[in-house]
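Line by line, the protein sequences are chains S, X and D. Okay, so the first sequence: first residue is 1 according to the working numbering, each after it adds one. Okay, so the second sequence: first residue is 1001 according to the working numbering, each after it adds one. Okay, so the third sequence: first residue is 2001 according to the working numbering, each after it adds one.
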Amino acid sequence: MSVGIPAAAASRGVPAIGSSLRRARPVALPIATAAATLLLWQFTAVRLQISAVILPAPVEIAHELWRALPVLISQAGPTALDTLLAFAVAAILGVGLAVIITYSPLLRDTLYPNLVFFQLVPKVALAPLFVIWLGFGSTSRVAFAAFISFFPVVIAAAVGFAGTDPAALQLCRSLTASEWRCFMLVRFPFALPAIFSGFKVAMTMAVVGVIIGEFISSQAGLGHYILNAGSRLNTADVFAALGVLCALGVGLYGAVALAELCIRRVYGRH
Amino acid sequence: MAFLNTSEAAANGRLLRLVILPVGFALATIALWQILCQALHIPPVLLPPPSDVWTVLRGNYAILFDETLPTLNESIASFIVASVLGVGLAIALTFSAWVREALYPNIIMFQLIPKIALAPLFIVWLGVGETTSIVVAVFIAFFPIVVSSVTGLVSAKPEVLRLCQSLTASEWQAFRMVRFPYAVPYIFAGMKVGVTMAMIGVVVGEFITAQHGLGYIIMFAAGASETATVLAAIVLLCVIGLGLYGIVGLAEWLALRSYGGAMPISGVI
Amino acid sequence: MISVGTPLPAPRDSSMSIAKVRPCLEASGVRKVYGAGTAAAVEAVSTVSFTVPHGQFVAILGPSGCGKSTLLMMVGGLETVSSGSIIVNGEAMTGPRTSIGIMFQDPTLLPWKSALDNVLFPVRVLKRSMDDYRQTAYGLLQQVGLDGFEHKRPHELSGGMRQRVAICRTLVYDPEVLLMDEPFSALDAISRDEMNELLLDLWQQFTKTALFVTHSIREAVLLADRVLVMTKRPATIVEDLAIPFARPRSIALGENRKFNEICRHLRERIEAGHDRPQALRRGTAIRRREPAT
Chain S
1 MSVGIPAAAA
11 SRGVPAIGSS
21 LRRARPVALP
31 IATAAATLLL
41 WQFTAVRLQI
51 SAVILPAPVE
61 IAHELWRALP
71 VLISQAGPTA
81 LDTLLAFAVA
91 AILGVGLAVI
101 ITYSPLLRDT
111 LYPNLVFFQL
121 VPKVALAPLF
131 VIWLGFGSTS
141 RVAFAAFISF
151 FPVVIAAAVG
161 FAGTDPAALQ
171 LCRSLTASEW
181 RCFMLVRFPF
191 ALPAIFSGFK
201 VAMTMAVVGV
211 IIGEFISSQA
221 GLGHYILNAG
231 SRLNTADVFA
241 ALGVLCALGV
251 GLYGAVALAE
261 LCIRRVYGRH
Chain X
1001 MAFLNTSEAA
1011 ANGRLLRLVI
1021 LPVGFALATI
1031 ALWQILCQAL
1041 HIPPVLLPPP
1051 SDVWTVLRGN
1061 YAILFDETLP
1071 TLNESIASFI
1081 VASVLGVGLA
1091 IALTFSAWVR
1101 EALYPNIIMF
1111 QLIPKIALAP
1121 LFIVWLGVGE
1131 TTSIVVAVFI
1141 AFFPIVVSSV
1151 TGLVSAKPEV
1161 LRLCQSLTAS
1171 EWQAFRMVRF
1181 PYAVPYIFAG
1191 MKVGVTMAMI
1201 GVVVGEFITA
1211 QHGLGYIIMF
1221 AAGASETATV
1231 LAAIVLLCVI
1241 GLGLYGIVGL
1251 AEWLALRSYG
1261 GAMPISGVI
Chain D
2001 MISVGTPLPA
2011 PRDSSMSIAK
2021 VRPCLEASGV
2031 RKVYGAGTAA
2041 AVEAVSTVSF
2051 TVPHGQFVAI
2061 LGPSGCGKST
2071 LLMMVGGLET
2081 VSSGSIIVNG
2091 EAMTGPRTSI
2101 GIMFQDPTLL
2111 PWKSALDNVL
2121 FPVRVLKRSM
2131 DDYRQTAYGL
2141 LQQVGLDGFE
2151 HKRPHELSGG
2161 MRQRVAICRT
2171 LVYDPEVLLM
2181 DEPFSALDAI
2191 SRDEMNELLL
2201 DLWQQFTKTA
2211 LFVTHSIREA
2221 VLLADRVLVM
2231 TKRPATIVED
2241 LAIPFARPRS
2251 IALGENRKFN
2261 EICRHLRERI
2271 EAGHDRPQAL
2281 RRGTAIRRRE
2291 PAT
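Here's what the structure looks like:
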């Protein structure tokens, strides 16, 4: 819009309350909506005397959460650990394979379509297979979770590496930099946004993978706890455990986002 | 698979290579699998050879087909419901800025929750039956569709909307003739993710409720150490999954011939 | 302050006398302030008044950010005036009108529609019969040199061709007033010259009142009957110059001596109201280097 002299009359007088409220709206409104929903829930559950089996009131859930907190945290431990391990494996293998694919057209043409194909099939169905192969312990869960989070990382990283601005690469080569230097200085930084978006999906998938693994094979972890509480119809417990699980999921996702911020600060934003 | 540059490859005659290499690789892997199983005498409980899997598929054709139907039907049903609800909510969110600002961030937050973990909750509420599987699947598939559709519906460039305004077009006209067509690629991108999610929801539902369907077969056979059956069921699930995805992809191709501006930039999946 | 130069040329339809008929467009004391009443208020347009008789082509010329686009949007009813009034064809502007056609810098064609369907887009919006207008659309596309391209999609057309489709789209429903906001600014120099010639040719046939916003002095003088010069601070009209060249005009007018004198005059007028960086003030840097000969 055009620039002009600020209107003289407006420089004094009306304080800008209206504008700061307007700026806070995008944050305040969703929070207010969530809070209002919780209040409505509490009110309905109490007023209509809904059975605690169907829909426990938020207050009751908070109560249960507080009561069972030590147990929940001890259960969250294995889940978190498995997730981190699975994510690490998926991230390293995924980026590694993406690098290989980028530099070998033969492997790229051979493997990439298969990877995309695998991304589309319901890999969940293989969870029991991992149990058959690796037993009922943590290994099968970690392997399965790594398996399903591996694909988003490879695909995202491969797209990221391939999507480097060709002009930047040509510049690098014209300065007689080695292929490795070109990679570290140009391809990798350019691909970081894509890699991190793949990481975020992978982290979410890793949690899902571990949970599903715990559903079908575990005697410990939050997934097992939830299933167990559900079968005992202890709904408040289920909600409490879900709350902890959400916190865990958000926390892990946030860790990836935070890592992204730090690394992007090193490599520069673009 | 834009990054493989299929159109350029077709122009260069490399298209054949692009098909033969991956397919050849897959077939080679299967052949290797068969050979290794027989050569290394791997116990069939651990990894049956492809020939065993094929035997199971041919031998138990009827039973497998009976169990495939519920999974297929539930997947389709949940996908349709999730799409209708998702696109519907997205349209509602487009029309009211207030509602959008109140609900959309909450929806995004919900994306971060491992929604599959709510499956036991749905079992508590709805019992052990096919409704539960469908509801879980709808719940999981709904969110990517909404997020994608909203992104698309607000993606129409302000200049085009200003053009509509200058022609005294009503909000509804601007929506029907401009906003919605611009959103079609995004809606389909969301639906492609949604159809995969719906299948996952159905299968996991079948895992833990163990009533019917291919998920049930997998759990049952795994418990009985019938690995060949497990693999056979997995193969059928893959076929359904690809088939459904392919149908959505086909619909997308048809729709994009009539609609849609630039394809959305897809970084992942 | 408006300074009236030579008398305005007669409107194209000479059966009307100026005195008898109400002008097509009357702007009085138009002012636009963004964020009025807050500390960050910005005056985009500062008290502009002018009238435009029917059938006159007026160019609004000025540097970037002088408020000319805002002024045009107000005339078109897409922005509200903070004070003052704009009256078009006897009625005050309160919102967009179908008797006014607006062309923007971005052709904004719908990517999934063919050129012909894009031209017919206003007809769909206005819910008029498509069949009635189809012939018109074909005719317009032929006139701008796009026959054979009616069924091409926008991505198959060059920037200049897309803008030509946009011209047809603006003309298809026969608005009385045309507002054009730097429609050719995004084109390369050669395409821009072609479009200027095209507009001159079209202008021979359509008796429409037009406001054409541009920051190109030559374009303004070539196309217009009258040039209004706007400056940035204050954002108002500082000169109202009549352009004395008869129509039909061609691009060759650019070599005419009088044409270039007018351009120079306008350039000086713009520079006078324009802050320029120290080093570019005419003569200073150059004189220091070259010894006097």
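All C-beta atoms, glycine included, are put in the ideal place defined by N, C-alpha and C.
Just checking my contact of Leu1167/X with Thr2098/D at CB under 8 Å: how many whole Å lie between their CB atoms? So it is a contact: roughly 7 Å between Cβ atoms.
Can you check whether the CB of Ala1092/X is closer than 9 Å to the CB of Val1099/X? yes
What is the residue span of the beta strand (DSSP E) that Phe1143/X lies within? Segment 1130–1153 is the alpha helix (DSSP H) holding Phe1143/X; no beta strand (DSSP E) there.
If you follow the alpha helix (DSSP H) that Ser1258/X is part of, which residue opens it and which one closes it? 1227–1258
Chain-order list of residues whose beta-carbon lies under 6 Å from that of Ala1221/X (same chain, five-residue window excluded): Contacts found: Thr1229, Val1230.
Give the DSSP-derived three-state secondary structure of Gly2103/D in the structure shown. Sequence check: residue 2103/D is Met here, not Gly. In the structure shown, Met2103/D sits in a strand (DSSP, three-state: E or B).
Does Val1178/X get closer than 9 Å to chain D when you measure Cβ to Cβ? yes
Closer than 8 Å, Cβ to Cβ, to anything on chain D: give me those residues from the stretch 1162–1189 of chain X, in chain order. Arg1162, Leu1163, Cys1164, Gln1165, Ser1166, Leu1167, Thr1168, Ala1169, Gln1173, Met1177, Val1178, Pro1181
Nearest residue (CA-CA) to Val153/S, options Val46/S, Cys262/S, Leu192/S: Among Val46/S, Cys262/S, Leu192/S, the Cα nearest to that of Val153/S is on Leu192/S.
Across which residues does DSSP place Ile2087/D in a beta bridge pair? DSSP, once it has assigned bridges, lists Glu2026/D, Ala2092/D as partnering Ile2087/D.
Examine chain X for any beta-carbon lying closer than 9 Å to the beta-carbon of Trp2203/D, and answer yes or no. no
Roughly how many angstroms lie between the CA atoms of Leu107/S and Ala1117/X, to the nearest whole one? Between Leu107/S and Ala1117/X, the alpha-carbon positions lie close to 37 Å from each other.
Indicate whether at least one CB of chain S lies closer than 9 Å to the CB of Ala1026/X. yes
Which ranges does the alpha helix (DSSP H) cover as unbroken runs of at least 4 residues, wholly within the stretch 64–99 of chain S, from first to last along the chain? none
Please work out which residues of its chain come closer than 7 Å, Cβ to Cβ, to Ser1149/X, disregarding the five sequence neighbours upstream and downstream, and give them in chain order. Gly1086, Val1087, Ala1090, Ala1183, Tyr1186, Ile1187, Gly1190
Beta strand (DSSP E) containing Val2058/D: first to last residue? 2057–2061
Strictly under 9 Å for the Cβ-Cβ distance: is Val1056/X near chain S by that measure? no
Inter-stretch contact at 8 Å, needing at least 3 Cβ pairs: the stretch 98–115 of chain S / the stretch 170–177 of chain S: no
At which residue ranges does the stretch 2118–2188 of chain D contain complete alpha helix (DSSP H) runs of 4 or more residues, listed in the order of the chain? Taking only runs of at least 4 residues, the alpha helix (DSSP H) segments lying wholly in the stretch 2118–2188 of chain D are 2121–2125, 2130–2143, 2159–2171.
Taking the C-alpha atoms as reference points, what is the distance between Ile2262/D and Lys2068/D? 21 Å
Could you check how far apart the C-beta atoms of Pro78/S and Ala220/S are, in whole angstroms? I think they sit under 8 Å. 5 Å
According to DSSP, is Arg2031/D helix, strand or coil? Strand.
Using a Cβ-Cβ cutoff of 7 Å, what residues of the stretch 90–101 of chain S are near chain X? List them in chain order. none
Taking the alpha helix (DSSP H) that Glu1067/X falls in, what are its first and last residues? Looking at the DSSP string, the run of the alpha helix (DSSP H) that includes Glu1067/X is 1061–1095.
Which residues in chain X have a C-beta closer than 9 Å to the C-beta of Phe215/S? List them in chain order. Ile1116, Ala1117, Ala1119, Pro1120, Val1204, Phe1207, Ile1208
Once DSSP output is grouped into helix, strand and coil, what is the label at Glu260/S? helix
Interface residues of chain X around Leu2078/D at Cβ under 7 Å? Residues of chain X passing the Cβ test: Arg1162, Gln1165, Ser1166.
Please classify Met2103/D as buried or exposed, where buried requires at least 16 neighbouring CB atoms within 10 angstroms. Burial call: buried.
Quick one: is Gly1241/X near chain S, going by C-beta distance under 9 Å? yes
Any contact of the stretch 59–75 of chain S with the stretch 158–168 of chain S, i.e. 3+ C-beta pairs under 8 Å? Too few Cβ pairs lie closer than 8 Å, so no.
Closer than 9 Å, CB to CB, is Pro1105/X near chain S or not? True, the Cβ-Cβ gap to chain S drops below 9 Å.
Can you check the stretch 2199–2234 of chain D for any alpha helix (DSSP H) of at least 4 residues that lies completely inside it and give the ranges in chain order? Counting only runs of 4+ residues, the alpha helix (DSSP H) found wholly inside the stretch 2199–2234 of chain D occupies 2217–2223, in chain order.
How would you write the range of the beta strand (DSSP E) that Asp2240/D sits in, first residue to last? Run containing Asp2240/D: 2237–2242, per the beta strand (DSSP E) assignment.
Identify, in the order they occur along the chain, each residue of the same chain with its Cβ nearer than 7 Å to the Cβ of Ser2114/D, setting aside the five sequence neighbours on each side. Glu2150, His2151, Lys2152, Arg2153
State the DSSP-derived secondary structure class of Glu2079/D, mapped to helix, strand or coil. coil
Give a yes or no on contact between the stretch 2206–2213 of chain D and the stretch 2054–2063 of chain D, applying the rule of three or more CB pairs nearer than 8 Å. yes
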